[in-house]
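Structure, as structure tokens:
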Amino acid sequence: MNKTLRRRHSFLAVLALTLAILFAYGTPSFANAAGIVTLTFDDGNASQYAIAAPIMKAANQKAVFYVNSGLVGQADYMTWAQVKDLKASGFEIGGHTLTHEELPTLTPAAIATQVNQDNANFLAQGITPVSFASPFGAYDNETLAVISKKYDTHRAFANQGLNVWPYNKYLLTVRYITNQTSVAQVQAWVNEAVAQDAWLVLVFHEILPTVDPTDDYSWETAKFQSFITSLNAQGIKAKTIEEVMKQYASSNANPSFESGLTGWTTNNPVGVVLDTAGNGSYPAPKNSIKMTAGANAQHLFSEMLPVDASTTYGLRAYTDSRSLVSAETGFYIDEFDAAGNWISGKWLGGFTNKNVVDKSFVYKPTSSSVRSLSIQVYMMPGSGTVFIDNVEIFPKTPPPPPPPVDVCPNVAGQQTSGPCADEECVAQGGTWNGSSCDIPPPPPVDVCPNVPGDQASGPCADEECTANGGTWNGASCDIPPPPPPSNNLVANPSFEDGFVNWTTDNAANVTLDTAGNGGAPTPTNSIKMNGNTRAAHLFGQKIPVAFGTSYNLKAHTNSMNLNGGEVGFYIDEYDTAGNWISGKWIDGWTTKERANRSYVFTPTSGNVSTAAIQVYMLAGVLGTLFVDNIEFLAF
41 MNKTLRRRHS
51 FLAVLALTLA
61 ILFAYGTPSF
71 ANAAGIVTLT
81 FDDGNASQYA
91 IAAPIMKAAN
101 QKAVFYVNSG
111 LVGQADYMTW
121 AQVKDLKASG
131 FEIGGHTLTH
141 EELPTLTPAA
151 IATQVNQDNA
161 NFLAQGITPV
171 SFASPFGAYD
181 NETLAVISKK
191 YDTHRAFANQ
201 GLNVWPYNKY
211 LLTVRYITNQ
221 TSVAQVQAWV
231 NEAVAQDAWL
241 VLVFHEILPT
251 VDPTDDYSWE
261 TAKFQSFITS
271 LNAQGIKAKT
281 IEEVMKQYAS
291 SNANPSFESG
301 LTGWTTNNPV
311 GVVLDTAGNG
321 SYPAPKNSIK
331 MTAGANAQHL
341 FSEMLPVDAS
351 TTYGLRAYTD
361 SRSLVSAETG
371 FYIDEFDAAG
381 NWISGKWLGG
391 FTNKNVVDKS
401 FVYKPTSSSV
411 RSLSIQVYMM
421 PGSGTVFIDN
431 VEIFPKTPPP
441 PPPPVDVCPN
451 VAGQQTSGPC
461 ADEECVAQGG
471 TWNGSSCDIP
481 PPPPVDVCPN
491 VPGDQASGPC
501 ADEECTANGG
511 TWNGASCDIP
521 PPPPPSNNLV
531 ANPSFEDGFV
541 NWTTDNAANV
551 TLDTAGNGGA
561 PTPTNSIKMN
571 GNTRAAHLFG
581 QKIPVAFGTS
591 YNLKAHTNSM
601 NLNGGEVGFY
611 IDEYDTAGNW
621 ISGKWIDGWT
631 TKERANRSYV
641 FTPTSGNVST
651 AAIQVYMLAG
661 VLGTLFVDNI
671 EFLAF
């Protein structure tokens, strides 16, 4: 931690406050995802860019950098160019307030400025942060209410321990590193996370060649290098917080009530109403559900959702109960059989205290007869109000990516130089020589088709020559040779054949557009991606790649009608058996622009046999994106 950010504050008061909020979450359930490690760095110190980042890049490890945007460019801190370089290199950038203030000690207006202006500064630099960490680990209900409007997650500091699935995303607990922490201790924390299938979030500050004994939170370069080496030796690849959270997409429709009560019903339309006053949470905090306690119980019911009785699910919801007086509020699952009959139910948990928290629970169908469920939010008789938002249910194991499209169904497997290259070669009139396609020269051009044969002179010979792209030399027509075959490895790159060789997980919002919104030379067709509360993806076919070879990913994009949220590119990587083994984030943006984009991609390991292009649009995006002319070229 940079010494200029240290200030004396009542640590015991902060600890008592954070423990009170932690207890409000209840005892976490020990059903969780596979062991995960996340590396985080606070404050945006220059040493993190100069020393820590190169070590992680060399080891192909990722991290989250929580940056104080108001200190960027000052002495001992990163510049904006360095922050954006980290983002472009695959690291996550998170918010950490403008100037590292202890938020609970500030006025409400000052809290809002420290959080909201910090977020705006990142957006102005083309960075959309979704993760936040409170300076000094100090927070309370009022600060969480502000943070949750701008960010998807909140990381603590004083709260020590592992995170267990399905995670409380607004109270992510940590293990922090001090100058007294040994490499063996950090390795022990990693082993603990692996053994318990839990999520370990580590907090670092400065990484320096030597550390002053009074610099409590800095760590030596040699220790950090040794730790990163040990991670690689264990085969552990650190994930960013955004990566971990985005694995769990909501299975239910309209979880954030952006479509009002569509997909939801209530037994009391007076006590359970749509609120549009901004009392919800990220990414669309404007709408939420306001439940007002009264003489009778209130209920909010979701539509029935299909479930697999053998699958474990997580349920998460944002709750703001600061105005609750005396009415237990909680969550319940109604279960139905194949005929739609109610057969059982399961209480997940309830609360009576005043807090701003996200409640998370593990749910497993109670019997093999359960075929569908309905989420129920209840409020017992009493007084006060509670705001509910982002009620999501999702499987513990994310569904696998869609199967690759067989672009040549008559040919088994993928060919050496692209998907079924041999069959495509023959279809184009060529001869497959075992590694490439021999295309015969085109037939001679008849410059005067109204006269039999090829004319050297005669009526309209010169005009027809020019019309056919030739040059009239006075006696005959010089026809230029045809352009060389494209070396683009992407089939149907400009969508002239519609969705052939492409798939999507959101057919309602990813569609073929024929209104001329694409790029030259064939702008008529393109892919249109509409923003929605649900994320959308466009998947390309698997393309054979070679480790050590670099590839050029190009695309024409039109985001002139994008009004909020992130879109971008990602590469999925597969082994020789076609199994997904890794991925690589390429780029994302939130700006309005029409651009011809170009990126360099190199397979992340020798295990990668094929790669597939993915165009993504995050949940909550407002507006549209048009994509065209996607190319993937070997250097």
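Quick note on numbering: the sequence shown equals residues 41 to 675 in our numbering.
Yeah, the Cβ is synthetic: ideal placement off N, Cα and C, and Gly gets one too.
Since we're looking at a predicted model, the values are computed, not measured.
For residue j and residue i, the rounded distance between their alpha carbons
i	j	result
Asn42	Glu246	Because Asn42 sits at a pLDDT of 39, beneath the cut-off of 50, its placement in the model cannot be relied upon, and the point is left open.
Asn100	Lys277	8 Å
Thr250	Met600	49 Å
Thr589	Thr254	47 Å
Lys326	Phe297	9 Å
Ile76	Trp239	5 Å
Gly580	Gly623	14 Å
Pro643	Ser290	30 Å
Asp668	Thr80	36 Å
Gly389	Phe401	8 Å
Ile167	Tyr257	27 Å
Phe539	Leu578	10 Å
Pro563	Asn156	40 Å
Tyr117	Glu283	26 Å
Thr305	Ala560	48 Å
Trp205	Leu211	13 Å
Asp158	Pro94	26 Å
Ile383	Ala228	46 Å
Leu271	Met96	11 Å
Lys330	Ala548	30 Å
Sequence-distant residues of its chain with Cβ nearer than 8 Å to residue i (five each side left out)
i	result
Leu662	Gly571, Leu602, Asn603, Gly604, Gly605
Ser222	Lys263
Gly608	Trp625, Ile626, Asp627, Gly628, Trp629, Val655, Tyr656
Ser638	Asn592, Leu593, Lys594
Asn528	Glu671, Phe672, Leu673
Glu232	Leu202, Ala238, Leu240
Candidates the options, of which the one nearest residue i by Cα
i	options	result
Ser566	Ala586, Ala335, Ser534	Ser534
Ala92	Ala164, Asp252, Gly201, Glu260	Glu260
Thr664	Asp537, Pro175, Phe105, Met569	Met569
Leu301	Gly380, Phe641, Leu340	Leu340
Glu182	Ser361, Pro295, Met420	Ser361
Asn307	Gln227, Gln416, Lys404	Gln416
Asn546	Ala659, Ala103, Ser350, Trp620	Ala659
Tyr207	Lys399, Val347, Asp315	Lys399
Phe267	Asn541, Val226, Tyr288	Val226
Gly646	Phe666, Leu673, Ala128, Val585	Val585
Residue i (DSSP reduced to helix, strand or coil)
i	result
Ser384	strand
Ser109	helix
Asp398	strand
Ser321	coil
Glu132	strand
Thr616	coil
Ala452	Low per-residue confidence applies at Ala452: pLDDT is 43, beneath 50, and the placement is therefore not dependable, though the value from the model is reported in the following sentence. In the structure shown, Ala452 sits in coil (DSSP, three-state: anything other than H, G, I, E or B).
Ser13	Outside the shown range of the chain, which is 41 to 675, sits residue 13, and nothing can be said about it.
Asp158	helix
Phe297	coil
Met285	helix
Ser69	Here the model assigns Ser69 a pLDDT of 33, short of 50, so the residue's position is not dependable and the matter cannot be decided.
Val347	coil
Thr392	coil
Ser645	coil
Pro309	coil
Pro148	helix
Thr153	helix
One or two residues paired with residue i in a DSSP bridge
i	result
Pro584	Thr650
Asp377	For Asp377, which the question treats as bridged, DSSP gives no partner whatsoever.
Arg195	Ala173, Leu212
Met657	Ala576, Val607
Ile428	Ile329, Thr359
Phe672	Leu593
His140	Paired residues: none, contrary to the question.
Gly559	Its beta-bridge partners do not exist; DSSP assigns none.
Asp478	Thr471
Gln200	Val214
Pro435	Tyr353
Spatial neighbours of residue i in its chain, beta-carbon cut-off 7 Å, leaving aside the 5 residues before and after
i	result
Val396	Asn181, Leu184, Ala185, Ser188, Asp360, Arg362
Phe70	Caution is warranted here: a pLDDT of 32 is assigned to Phe70, below 50, making its placement in the model unreliable, and no coordinate value can be reported.
Check: residue i C-beta below 8 Å from any heavy atom of the ligand MG
i	result
Ala617	With respect to small molecules bound, the structure shown includes none, and the ligand MG cannot be examined in it.
Sequence-distant residues of its chain with Cβ nearer than 6 Å to residue i (five each side left out)
i	result
Glu432	Ser290, Pro295, Arg356
Gly618	none
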